[in-house]
Amino acid sequence: MTADLNRMTHVTGFGLVTGADSYLYRPTSEDEVADIIELARKSGRQVTLRGAGRSYGDANIGSETILLDISRMNQILHFDSAQGTIDCQAGVTLEQIWRHVIEDGYWPPVVSGTMFPTLAGALGMNLHGKNAFQAGPIGNFVLEYDVVFPNGTRRTLNQNSPLFSKIISSAGLLGVITRVKLKLKKIQSGDLRVLPISVPNWQAQFAAFEEFNDQADYMVSWIDCFARGEKAGRGLFHTAWYLDDDTDAPLSLRPEHQDLPDTILGRFPKSTVWRYLKKLNNRPGMRFTNWGKYLSAKLLGNGKPHPQSLVGFSFLLDYVPGWRKAYLPGGFIQIQTFVPKEHAPRVFAEQLHLQQEAKLESFLGVMKRHIPDQFLFSHGVDGYSLALDFKVTKSNKERVWQLAHAINDLVLAAGGKFYLAKDSTLRPEDFKQSLGDEAFAEYARLKLELDPDAILTSDLAKRLLLDPRSVG
Amino acid sequence: MPTSVIGVKAIVVGASSGIGREITRQIADGGGLVVAIARRGDRLEELAALYPGRIFPMVQDVTDHDSIPNKFIEATDKLTGLNLFVYASGVMPEVGPQEFNIEKDQQMIDVNISGAVAWINQAALRMQGTKHGSIVAIGSVAGERGRWEQPVYNASKTFLHAYMEAVRNRVSRYGVHVVTIKPGPVQTEMTERLKLKNAMSAEAAAEKILGLRNRTGEHYLKFTHLIAFAIIRNIPSFLFRRLKI
Numbered sequence: 131m132t133a134d135l136n137r138m139t140h141v142t143g144f145g146l147v148t149g150a151d152s153y154l155y156r157p158t159s160e161d162e163v164a165d166i167i168e169l170a171r172k173s174g175r176q177v178t179l180r181g182a183g184r185s186y187g188d189a190n191i192g193s194e195t196i197l198l199d200i201s202r203m204n205q206i207l208h209f210d211s212a213q214g215t216i217d218c219q220a221g222v223t224l225e226q227i228w229r230h231v232i233e234d235g236y237w238p239p240v241v242s243g244t245m246f247p248t249l250a251g252a253l254g255m256n257l258h259g260k261n262a263f264q265a266g267p268i269g270n271f272v273l274e275y276d277v278v279f280p281n282g283t284r285r286t287l288n289q290n291s292p293l294f295s296k297i298i299s300s301a302g303l304l305g306v307i308t309r310v311k312l313k314l315k316k317i318q319s320g321d322l323r324v325l326p327i328s329v330p331n332w333q334a335q336f337a338a339f340e341e342f343n344d345q346a347d348y349m350v351s352w353i354d355c356f357a358r359g360e361k362a363g364r365g366l367f368h369t370a371w372y373l374d375d376d377t378d379a380p381l382s383l384r385p386e387h388q389d390l391p392d393t394i395l396g397r398f399p400k401s402t403v404w405r406y407l408k409k410l411n412n413r414p415g416m417r418f419t420n421w422g423k424y425l426s427a428k429l430l431g432n433g434k435p436h437p438q439s440l441v442g443f444s445f446l447l448d449y450v451p452g453w454r455k456a457y458l459p460g461g462f463i464q465i466q467t468f469v470p471k472e473h474a475p476r477v478f479a480e481q482l483h484l485q486q487e488a489k490l491e492s493f494l495g496v497m498k499r500h501i502p503d504q505f506l507f508s509h510g511v512d513g514y515s516l517a518l519d520f521k522v523t524k525s526n527k528e529r530v531w532q533l534a535h536a537i538n539d540l541v542l543a544a545g546g547k548f549y550l551a552k553d554s555t556l557r558p559e560d561f562k563q564s565l566g567d568e569a570f571a572e573y574a575r576l577k578l579e580l581d582p583d584a585i586l587t588s589d590l591a592k593r594l595l596l597d598p599r600s601v602g
Numbered sequence: 028m029p030t031s032v033i034g035v036k037a038i039v040v041g042a043s044s045g046i047g048r049e050i051t052r053q054i055a056d057g058g059g060l061v062v063a064i065a066r067r068g069d070r071l072e073e074l075a076a077l078y079p080g081r082i083f084p085m086v087q088d089v090t091d092h093d094s095i096p097n098k099f100i101e102a103t104d105k106l107t108g109l110n111l112f113v114y115a116s117g118v119m120p121e122v123g124p125q126e127f128n129i130e131k132d133q134q135m136i137d138v139n140i141s142g143a144v145a146w147i148n149q150a151a152l153r154m155q156g157t158k159h160g161s162i163v164a165i166g167s168v169a170g171e172r173g174r175w176e177q178p179v180y181n182a183s184k185t186f187l188h189a190y191m192e193a194v195r196n197r198v199s200r201y202g203v204h205v206v207t208i209k210p211g212p213v214q215t216e217m218t219e220r221l222k223l224k225n226a227m228s229a230e231a232a233a234e235k236i237l238g239l240r241n242r243t244g245e246h247y248l249k250f251t252h253l254i255a256f257a258i259i260r261n262i263p264s265f266l267f268r269r270l271k272i
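So the protein sequences, as listed, match chains A and B.
Residue numbers for the first sequence follow our numbering, so the first one is 131 and each next one is one higher.
Residue numbers for the second sequence follow our numbering, so the first one is 28 and each next one is one higher.
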């Protein structure tokens, strides 16, 4: 039971609502990862895996566990510009990858709304992007990866390995991913052609996604969660295409063309923007902001295609550095639910209605289209997802959780799915039901085989009873 | 109204009697979790039985320094966290006006000084890493001057105050609250034989201490003590030794 108090640290999930004290270890090699697992086994302590800490809830924190932070394993090992593949240590971030490959005309095949996740985290959660409706999650583009299993074995898994689709998506509960070889997307330009369309209600939202489903490269839509009645579901739909006729390509493929500006209107340093955002970060402020955004979407640039850099379009969340601090002191949770397409219009409308009834409207609503996938903890459905951000305070926390449970119940009844990287509120039976008995039994079997001492855990795993030690 | 202790995960050393016991009880009563540490296991069991699942008894003799690091980890594992550490162990054997007794003195040094340092070092080491939490030590107004009645007891509390001040100067910059409480007379087993007048009850003292747990600094429990001891601290030594206080 001994442990080194000098390693004690406190980390939080990205949403800043929950945190945990743990013993921090930052390995730089696969051998060190194996040593840490061995140390854990000998001392009886559990291990929690953490990448960049971008999961919103409690998936990347573990109270009193060894926190294995992979971010120092950040070497790009080999980039093959002829084949379009990149081989990296698993702590390499999406940002490192795009900066490394863009001048040779490549782009990561799937990216999240932020460029900071590590590959280990990206695979652990099997993240998706705005091209989820045709590309699926990032796991679809992994050629091979190395894993250190807690049972002492080390394996290289490729797409033919039965375990390949199990470790990806397993939320860091089956093995430690230490190296990843990824297939990259060939691009001809550093810009996308982006078409914004202002949509007045739910019906128009779904129609836009249907219309562009077969021809777009990216689709995403913003929802004003404050709009009610006939205006419910209004927002701004964006679709985008890769350019293959860009005469400026050599320039647009330069990293400096991609870099996000560090000021707003060429004047205000972005690093301070969250402080102003904080003033607006309340119900009336956000009602006004959402209204203003919809108004400008309707009046400015509506239906007019324009070029935008890949970074600018992809990494919307990185525009305002430290934006999450606007949610302090209580932090925020994100709920992203995935609903089959035949039920999505009704379920999303009801989700919005529930928020408005509770006077707890999400300050930001984001909708995407998805397809099913074969991974263990899959969140893919032939349908849509709606991501919601809820500010959490001391006084509203209980009500936010009640609302979340009501939303989760709706989704479950419609045969929907959840995404552990975004979760804070699921109850054990919710996750089990969404996963299905078969997948759950498969997980239990693999856990016993690959991690017989239940070394890998997290506060999320304990909450959802995915850690055999928490089942008792 | 007592301050909320919901979400508190505490270690209380010296939890079997007096102020420590009462702090333990009040945390558990308010919904917090406590690892209750003392030498006398039967007393801890008795207390823990009142709040099953909230008080975890742990037997430890604070004079056994070597066992403290492991016990500390065992306690934080039990709590799955730590945001409050209270050192409330203290002894004050009866010492006659002309008695100089190294055995009794050593006992006070072991419990009031060495035990405190050994435990608080662990809490400070952890909290300077986690950058949150409170460390509370129960000192005494007796530590304000070297009074004739209890040379080593007074000196042991003076030591504790200075040590806590130094710990405060080290770790409060990381957001850790470091609180020294200087109670006056409180009705406890330790003070029973003194037949104190105007003594505060242990319940009232514990409630005040829990209310002060996030207020970094030194605190008296009565406003009159603040005034009285400001004066007493400043009485010149040549006068002080002629006084009967």
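The beta-carbon is built from N, C-alpha and C at its ideal position, and this holds for glycine as well.
None of the values given here were measured: they were computed from a predicted structure.
Check, Outcome
"Backbone CA spacing between Asp553/A and Tyr186/A [nearest angstrom]", "7 Å"
"Members of the segment 142–162 of chain B near chain A, C-beta cut-off 7 Å", "Gln149, Leu152, Arg153, Gly156, Thr157, Lys158 and His159"
"Cβ pair Gln237/A, Leu314/A closer than 8 Å", "The question names Gln, but residue 237/A is Trp in the sequence shown. Cβ distance < 8 Å, so Trp237/A and Leu314/A count as in contact."
"Environment of Gly41/B [buried if 16+ CB atoms lie within 10 Å]", "buried"
"Three-way DSSP call (helix, strand, coil) for Asp234/A in this model", "helix"
"Below-8 Å beta-carbon distance, Thr185/B vs any chain A residue", "no"
"Beta-bridge partners of Asn148/B, as assigned by DSSP", "BP columns for Asn148/B are empty, so no partner."
"Proximal residues of chain A, C-beta to C-beta of Thr103/B below 7 Å", "Glu194"
"The segment 37–53 of chain B touching the segment 571–589 of chain A, judged by at least three CB pairs closer than 8 Å", "no"
"One or two residues paired with Val240/A in a DSSP bridge", "DSSP lists no partner for Val240/A."
"Alpha helix (DSSP H) segment containing Asn181/B, residue limits", "Pro178 to Val198"
"Contact check, Gly202/B vs Glu194/A, beta carbons under 8 Å", "no"
"Environment of Tyr406/A [buried if 16+ CB atoms lie within 10 Å]", "exposed"
"Asp93/B versus Ala145/B: straight-line alpha-carbon distance, rounded", "9 Å"
"Backbone secondary structure at Met138/A - three-state DSSP", "strand"
"Proximal residues of chain A, C-beta to C-beta of Gly108/B below 9 Å", "Ala150, Asp151, Ser193 and Glu194"
"Where Tyr186/A sits in the DSSP three-state scheme", "coil"
"Asp91/B, enclosing alpha helix (DSSP H) - first and last residue", "Here Asp91/B belongs to no alpha helix (DSSP H), and DSSP marks it neither H nor E."
"Cβ neighbour criterion (16 or more within 10 Å) applied to Asn261/B", "exposed"
"C-alpha distance - Ile353/A paired with Gly566/A, whole-angstrom precision", "30 Å"
"Which of helix, strand or coil DSSP assigns to Tyr573/A", "helix"
"Integer-rounded CB distance, given that Gly546/A should sit under 8 Å from Pro267/A", "Incorrect: roughly 16 Å between the Cβ atoms, too far for contact."
"Collapsed DSSP secondary structure at Met131/A in the structure displayed", "Residue confidence is low: Met131/A scores 47 on pLDDT, short of 50, so the model does not pin down where it sits. Its coordinate-derived value is still stated next. Note: Met131/A maps to coil in three-state DSSP."
"Uninterrupted alpha helix (DSSP H) stretches inside the segment 325–371 of chain A (no shorter than 4 residues)", "332–342"
"Chain-ordered chain B contacts of Met245/A [CB-CB under 9 Å]", "What Met245/A touches in chain B: nothing, since even the nearest Cβ is about 27 Å away."
"Chain C contact residues for Asn136/A, given Cβ-Cβ distances below 8 Å", "Absent from the structure is chain C; the protein chains it does hold are A and B."
"Chain-order list of residues whose beta-carbon lies under 6 Å from that of Lys408/A (same chain, five-residue window excluded)", "Ala456"
"At least three beta-carbon pairs within less than 8 Å, the segment 287–306 of chain A to the segment 331–347 of chain A", "no"
"Asn538/A vs Asp512/A beta-carbon contact at 8 Å", "no"
"C-alpha distance - Met131/A paired with Gly174/A, whole-angstrom precision", "In this predicted model, Met131/A has a pLDDT of only 47, less than 50, meaning its place in the structure is not dependable enough to derive any value."
"Reduced DSSP category for Lys260/A - H, G, I as helix; E, B as strand; rest coil", "coil"
"Beta carbon proximity, Thr369/A to chain B, threshold 8 Å", "no"
"Between the CA atoms of Lys423/A and Ile59/B - distance to the nearest angstrom", "The residue you asked about is not Ile; residue 59/B is Gly in the sequence shown. Distance between the alpha carbons of Gly59/B and Lys423/A: 45 Å."
"Spatial neighbours of Leu490/A in its chain, beta-carbon cut-off 8 Å, leaving aside the 5 residues before and after", "Phe520, Asn526, Arg529, Val530 and Leu533"
"3 or more residues per run - each beta strand (DSSP E) lying fully within the segment 103–148 of chain B", "111–114"
"Inter-stretch contact at 8 Å, needing at least 3 Cβ pairs: the segment 177–192 of chain B / the segment 151–165 of chain A", "no"
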